[in-house]
Amino acid sequence: MRRHAHMPEDRAAVASGGAAARVSGWLQRHLPKIVVAPSFLAALVFFYGFIIWTAYISLTGSRMLPDYEIEGFDNYVNIWRLSRWNTAVENLAIFGILFIGMSMVVGCILAVLLDQRIRA
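The numbering used here applies: residue 33 is where the sequence shown begins, and numbers increase by one.
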């Protein structure tokens, strides 16, 4: 008889346990998204946000102080007329080709050495 007297409390415990299980299941499904969300938001702002901002500013007439009036691609046309810019692009191409080439050579040499059965 005592068992029947506690039956409403048992039903309440089962009901609250079911709600806890539902919350736990929802949390278990969404916890990875919740954990990754701040990093994802920071990446959006600090990578893509600043890329978009830089692209926008590059199309304006800004020098030292901000000038938000769009001039279009005049800045890009003017920069290709500078001899210093052409020298910088040539140096970048030479450095890039040599760096990638040397990295490939060193990588292949290391791969061959690792593949050899060297006895000590």
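Where a beta carbon is used, it is the ideal one built from N, C-alpha and C, also for glycine.
All of these numbers come straight from a predicted model, not from anything done at the bench.
- Message: Given this structure, state the Cα-to-Cα distance separating residue 61 from residue 72, to the nearest angstrom.
- Response: 18 Å
- Task: Return the chain-ordered ranges of every alpha helix (DSSP H) run that is complete within the stretch 71 to 114 and spans a minimum of 4 residues.
- Result: 82 to 90 and 106 to 111
- Would you be able to state if there are at least three C-beta pairs under 8 Å between the stretch 93 to 104 and the stretch 66 to 83? no
- Message: Please state whether the Cβ-Cβ distance between residue 117 and residue 126 is less than 8 Å.
- Response: no
- Looking at the structure shown, is residue 149 part of a helix, part of a strand, or coil, going by DSSP? coil
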